[in-house]
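Worksheet: the structure to be examined is printed underneath.
2 protein chains.
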Amino acid sequence: MLNKVKELREKTNAGMMDCKKALSEAGGDLDKAVDILRKKGASLASKKSSRATKEGSISSYIHMNQRIGVLVEVNCETDFVARNDAFKNFVKELGMQIAAANPTYVTKDEVKEEDIQKEKDIIKEQNKSKPESALTKIVEGKINSYYQDVCLLEQPYIKDPKTTIKELLTEVIAKTGENIVIKRFTRYQLGETA
Amino acid sequence: MLNKVKELREKTNAGMMDCKKALSEAGGDLDKAVDILRKKGASLASKKSSRATKEGSISSYIHMNQRIGVLVEVNCETDFVARNDAFKNFVKELGMQIAAANPTYVTKDEVKEEDIQKEKDIIKEQNKSKPESALTKIVEGKINSYYQDVCLLEQPYIKDPKTTIKELLTEVIAKTGENIVIKRFTRYQLGETA
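Quick mapping for you: the protein sequence lines, in order, are chains A and B. Residue 109 is where the first sequence starts when you use the working numbering, and the numbers rise one by one after that. Residue 109 is where the second sequence starts when you use the working numbering, and the numbers rise one by one after that.
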């Protein structure tokens, strides 16, 4: 049991008591305990999401022989967390994610309504032979994958595609106990017309 | 004489024959010879300025405990020059310059006509007691220092304020023999409202 607590702490960075509780709730099943802590993390994250974030870190990632460059700003509440390894590592991973997966926005909210409308029109045009009842589901599915393409938070994490960047963010909020916000990013690719 | 040629080459990176010629033209005066080569570099640079630049480098500079970050793209003609030390060093210096001196634009051309007009109105208002004849000169001088504030190419180089970034660019064009263009930059400062 103690070994499992240790493993769970390493996996989730949660406190000793939280790990013990989650493990007993999960009947000793490590994966279930991770899930329990994740859900707790998610609820913790939503509680923290209204708190002011004035500190943080600006980080860069240069890829492929200087042909791709990324600048990203991530905010947190205190300078203390800005220097925390879990936070710094998250910021570093974001740089690589943005370089590789080339998102356009941070959140869904930033996507313009007219762009969504344009996507919907294209999808409907491409599927006009389908019955109306199926079309709604098709549009919904395709719009979701559109968001997964262009919004950083909706993207599957390149190193673990079962996890989204939003889930990664939730985890680091749980680990650090602070509200954390991906504020903005810029990505340059050599020779692209800006 | 040979020592001076060597020193001049190290200072300017110009060819052996060019250095000899410049030194004899300058009557052995090293500073004068540097000036002669600089002028030559400038005329060389203007000749090269129409050539296509598709290669280059994207570089970043992170300053002050991750509180300021800069991303900059500089283009040149060949991958060979992109890997040249003079080029790479120039790009690096630009990152530090942008972090420290916080320009808004690369060139004068990017400044909006209305912003210039606004500056002019402010200057005229501040100097309305001055005679009309003096006012023209005052406006001209202040607009020049406005450009030196906001345009990267017009800024005095932070490590050697007698030199402008434009002159530094001219030098690296002369050294590498290629057209080089500062394409764009982005500067983040922690917590600023973007």
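Don't be surprised by glycine CBs; every beta carbon is placed ideally from N, CA and C.
In or out: ASN287 (chain A) buried (at least 16 other Cβ within 10 Å) or exposed? buried
Taking a Cβ distance cut-off of 9 Å, strictly less, list which residues of the stretch 167-180 of chain A are near chain E, in chain order. The question asks about chain E, but that chain is absent: this structure's protein chains are A and B.
Looking at VAL199 (chain A): is its Cβ nearer than 8 Å to the Cβ of SER167 (chain A)? yes
Pick out the complete alpha helix (DSSP H) segments inside the stretch 139-173 of chain B, 4 residues or longer, and give them in chain order. none
Please tell me whether GLU185 (chain A) and ALA160 (chain A) are closer than 8 Å, where the distance is taken between their beta carbons. yes
Please look up how many angstroms separate the CB atoms of ILE290 (chain A) and MET204 (chain A), rounded, as I've assumed it's under 8 Å. In fact, because the Cβ distance is near 14 Å, the residues do not count as touching under 8 Å.
DSSP has ASN183 (chain A) in a bridge; who is on the other side? A:GLY164, A:VAL289
Can you give the beta carbon distance from LEU138 (chain B) to LYS112 (chain B), rounded, assuming they're within the 8 Å contact cut? 6 Å
By DSSP's criteria, CYS259 (chain A) is part of a beta bridge. Which residues make up the other side? A:TYR213
What would DSSP say about LYS270 (chain A), mapped onto helix, strand or coil? strand
Chain B contact residues for THR294 (chain A), given Cβ-Cβ distances below 7 Å: LEU179, THR294
Cα-Cα, which of B:VAL280, B:GLN263, B:ALA282, B:THR278 is closest to THR272 (chain B)? B:GLN263
Would the stretch 253-261 of chain A count as touching the stretch 120-138 of chain A if we require 3 or more Cβ pairs under 8 Å? no
Starting from the C-beta of ASN183 (chain B), find all residues in its chain whose C-beta is less than 6 Å away, skip the five residues before and the five after it, and write them out in chain order. THR161, GLY164, VAL289, LYS291
Beta-carbon neighbours of LYS200 (chain A), restricted to chain B and to distances below 9 Å: Those within 9 Å of LYS200 (chain A) in chain B number zero; the least Cβ separation is about 11 Å.
Measure the alpha-carbon distance for THR120 (chain A) versus THR294 (chain B) and round it to whole angstroms. 35 Å
Is VAL258 (chain B) near TYR296 (chain B), with beta carbons less than 8 Å apart? no
Got a sec, what are the start and stop residues for the alpha helix (DSSP H) THR301 (chain A) sits in? Here THR301 (chain A) belongs to no alpha helix (DSSP H), and DSSP marks it neither H nor E.
Near-chain A residues of the stretch 112-142 of chain B - C-beta to any C-beta below 7 Å: none
Who are the near neighbours of GLY299 (chain A) in its chain, counting only those whose CB is closer than 7 Å to its CB and skipping five residues on each side? none
So with CB distances below 9 Å, who are the chain B contacts of LYS162 (chain A)? LEU298, GLY299
Going along the chain, which residues of its own chain have a beta-carbon closer than 8 Å to the beta-carbon of LYS220 (chain A), five neighbours each way excluded? none
Would you tell me roughly how many angstroms separate the C-alpha atoms of GLN234 (chain B) and GLU240 (chain B), rounded to the nearest one? 13 Å
Note down the Cα distance separating GLU133 (chain A) from VAL178 (chain B), rounded to an integer number of angstroms. 48 Å
Check the Cβ of SER165 (chain A) against every Cβ in chain B and list those closer than 7 Å, keeping chain order. GLN174
With a cut-off of 8 Å on the beta carbons, I'd call VAL280 (chain A) and ALA141 (chain A) a contact; round off their distance for me. With a Cβ gap of about 19 Å, VAL280 (chain A) and ALA141 (chain A) do not count as contacting.
Does DSSP put GLY203 (chain A) in a helix, in a strand, or in coil? helix
Can you tell me the Cα-Cα spacing of GLU248 (chain A) and LYS232 (chain A), whole angstroms? 11 Å
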